[in-house]
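Right, one structure below, let's go through it.
2 protein chains.
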Amino acid sequence: MTNKLNSNNLTKSEEDYLKALFYLIVEEDSVKVGNNQLAEYLNVSPASANNMIKKLKAKDYVISEKYGKLDLTEGGRLIAVRLIRKHRLWETFLCNYLNFTWDEVHEVAEQLEHIKSRKLIDELDRFMDFPKKDPHGEMIPNADGEYAILPKITLSSLLEGDVCELVAVNDGSVNFLKYVSEIGLVLSSEIKIIEIRDFDKSIRIQFNEGEETVTRKFADNVFVNKVI
Amino acid sequence: MTNKLNSNNLTKSEEDYLKALFYLIVEEDSVKVGNNQLAEYLNVSPASANNMIKKLKAKDYVISEKYGKLDLTEGGRLIAVRLIRKHRLWETFLCNYLNFTWDEVHEVAEQLEHIKSRKLIDELDRFMDFPKKDPHGEMIPNADGEYAILPKITLSSLLEGDVCELVAVNDGSVNFLKYVSEIGLVLSSEIKIIEIRDFDKSIRIQFNEGEETVTRKFADNVFVNKVI
DNA sequence: TTAATTTGTTAGTCATAGCTAACTTTTTTA
DNA sequence: TAAAAAAGTTAGCTATGACTAACAAATTAA
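Pasting the structure below:
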């Protein structure tokens, strides 16, 4: 049995839904997160999502009115943040100690984040000397579930002539991550916006490795700190 | 999705049954392993075990005739050995890097062994420099599923005056492991049999930390190498 | 060698968590 | 503002893997 202190007694599915809601509500900061949006995000049918939402409401992790928007309770938020903490710590471990690449870590971390042991994750944190950011540049919540959400400025929001520093990448797509690595971008790379083409909004950028033209879609997934 | 090369597509339950069968058939080297024995070992009803055995036979991991003894196919054995490899590597990691004690590792390793990623476990193995034995003294199978099963001589099989070295302990019970630690026994401890009491088969042993009287049941769970 | 006990099997139920199809409510837009 | 579209809900089905109760086969003991 799991230690009483750790055991929130949630299934893997319930955890996945709470984490998804957290991403949609808190990280994406949406005005309204609805049932179908959640279903699409998780690649399940609206009926399945609806069903699970009922369960999570009964357990007091989610609140919503009929036909209304979804929200997390404090309890639901805490569970989600702890999952994110576990996910990001495992990604950090895989990259920094087990030779995993950027694009390989996500899938395995999705499994590892469901391991139930408070001691495991806190010791892993200590072993790595309490890292602040994961390999994609995202903040890692501390043991109490506190963490700063980075103000997310995308590369696509900058103007010609601006100079920025790559602080994070959206880790949702393996193909995107592979592409980022291939053109030679890494965390902290300094990027200058050479030109934004009106025609298709594609952007010509310059950085240590040379010059590249990237699409608007690409630039939407790259988070930066404006330097100039 | 899991990499095709790793994905054996088994559920956690199916894996648990195969591992249980491996322990009962191969490690315990029983003449006959039956359905109810398997059920008892896994703390499920005979009906549940029977049901799962049907499924595993259909998938060609288990063979048996109606009302006959259970056996693993080559495929079933390989899956079980890989689980044991994962279990023991994770236990080693938890003990040697994350400050877990002997008795804490098992429960968490039971969860970790179901993580599906060939790379994860092979890199973990490399990270720890290919350990040969887990913290309880059990052999760790290599990446090809090969490993030596230690000839298991129990402390209880020795005679008065014999001297032996502790090579492994049965990791099935947390209380037992705590007890072993508390009296000061560790792997490689040299133990001398002072006296075996006819009355209750309790055994007086001497070792670095002093002398102790242990029960027959205790001695059945301690595996040794005879020295003298 | 029959009777008792143990062991194995089958049938039917439950919970989780997915699905489709049909329906209702809300929102959009013509 | 009424019709169309989108969003949300419900009902009913599926598979997995537990369970109990009832029964059959095999083994052990009388």
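From first to last, the protein sequence lines stand for chains A and B. Quick note on our numbering: the first sequence kicks off at -7 and runs consecutively. Quick note on our numbering: the second sequence kicks off at -7 and runs consecutively. Yeah, the Cβ is synthetic: ideal placement off N, Cα and C, and Gly gets one too.
(request) Identify, in the order they occur along the chain, each residue of the same chain with its Cβ nearer than 6 Å to the Cβ of I188(B), setting aside the five sequence neighbours on each side. (result) What you label residue 188(B) is simply residue 196 of the second sequence in a count that begins at 1. Closer than 6 Å at Cβ, skipping near neighbours: E152, I195.
(message) Give me the residue from S165(A), T207(A), K47(A) with the minimum Cα distance to H98(A).
(response) One-based indexing of the first sequence puts residue 98(A) at position 106. Comparing Cα positions, the closest option is S165(A).
(request) Would you grab the beta carbon distance between L75(B) and E105(B) for me? Rounded to a whole angstrom, and I think it's under 8 Å. (result) Stepping through the second sequence from its first residue, residue 75(B) is reached at position 83. Stepping through the second sequence from its first residue, residue 105(B) is reached at position 113. Rounded, the Cβ-Cβ distance is 5 Å, consistent with contact.
(request) Would you kindly work out how many angstroms separate the C-alpha atoms of R69(B) and I55(B), rounded to a whole number? (result) Residue mapping note: residue 69(B) aligns to position 77 of the second sequence, counting from 1. Residue mapping note: residue 55(B) aligns to position 63 of the second sequence, counting from 1. Taking the straight line from one Cα to the other gives about 11 Å.
(request) Keeping to the same chain, check which residues put their C-beta closer than 8 Å to that of Y47(B); ignore five residues upstream and five downstream. (result) The residue you call residue 47(B) lines up with position 55 of the second sequence. Per the sequence shown, the amino acid found at residue 47(B) is Lys instead of Tyr. So the list reads E6, once near-sequence residues are dropped.
(message) Is it the case that the stretch 166 to 175 of chain B contacts the stretch 141 to 155 of chain B, given that we only count it when at least three CB pairs across the two stretches are under 8 Å?
(response) no
(request) Mind checking who F215(B) pairs with in its DSSP beta bridge? (result) As a first step, residue 215(B) is located in the second sequence; it is residue number 223 there, counting from the start. DSSP output for F215(B) lists T146(B), A160(B) as bridge partner(s).
(message) Given a cut-off of 9 Å on the beta-carbon distance, is the pair I132(B) and R208(B) in contact?
(response) Position 140 of the second sequence, counting from 1, holds the residue named residue 132(B). Position 216 of the second sequence, counting from 1, holds the residue named residue 208(B). Not in contact: I132(B) and R208(B) (Cβ atoms no closer than 9 Å).
(request) Return the CA-CA distance between M120(B) and Y89(A), expressed in angstroms with no decimal places. (result) For the purposes of this step, residue 120(B) is identified with residue 128 of the second sequence, where counting begins at 1. For the purposes of this step, residue 89(A) is identified with residue 97 of the first sequence, where counting begins at 1. Rounded to whole angstroms, M120(B) to Y89(A) spans 10 Å at the Cα level.
(request) Could you work out which residues of chain B lie near K108(A), taking near to mean beta carbons separated by less than 7 Å? (result) Translated into positions along the first sequence, residue 108(A) becomes position 116. Simply Q103.
(request) Name the residue from E19(B), M44(B), E20(B), P38(B) whose alpha carbon lies nearest to the alpha carbon of Y9(B). (result) Residue numbering aside, residue 9(B) sits at position 17 when the second sequence is read from its first letter. Here the closest residue by C-alpha is M44(B).
(request) Ignore the nearest five residues each way along the sequence and tell me which others in F14(A)'s own chain have a CB closer than 6 Å to its CB. (result) Here residue 14(A) refers to the residue found at position 22 of the first sequence. Cβ within range, chain order: A72.
(message) Within a Cβ cutoff of 7 Å, which residues of the same chain sit near K170(B), ignoring the five residues on either side of it in sequence?
(response) One-based indexing of the second sequence puts residue 170(B) at position 178. Cβ within range, chain order: D95.
(request) Tell me, please, which residues DSSP counts as bridged to E203(A). (result) The count along the first sequence starts at 1 and reaches residue 203(A) at position 211. Beta-bridge pairing links E203(A) to Q198(A).
(request) Hey, could you find the ends of the beta strand (DSSP E) E187(B) is sitting in? (result) Residue mapping note: residue 187(B) aligns to position 195 of the second sequence, counting from 1. Residues 182 to 188.
(message) Whole angstroms are fine: how far does the CA of Y139(A) sit from the CA of F168(A)?
(response) Mapped onto the first sequence, residue 168(A) falls at position 176. Mapped onto the first sequence, residue 139(A) falls at position 147. Whole-angstrom Cα-Cα distance: 26 Å.
(message) Looking at the secondary structure, which residues open and close the alpha helix (DSSP H) in which W94(B) lies?
(response) Mapped onto the second sequence, residue 94(B) falls at position 102. Per DSSP, W94(B) belongs to no alpha helix (DSSP H) and is neither H nor E.
(request) Spell out whether any CB of chain A is found under 9 Å from the CB atom of G67(B). (result) If you number the second sequence from 1, residue 67(B) lands on position 75. By this cut-off, G67(B) is not an interface position.
(message) For E57(A) and K4(A), what's the separation of their Cα atoms in angstroms?
(response) Locating residue 57(A) in the first sequence gives position 65, where the first residue counts as 1. Locating residue 4(A) in the first sequence gives position 12, where the first residue counts as 1. Rounded to the nearest angstrom, the two C-alpha atoms are 25 Å apart.
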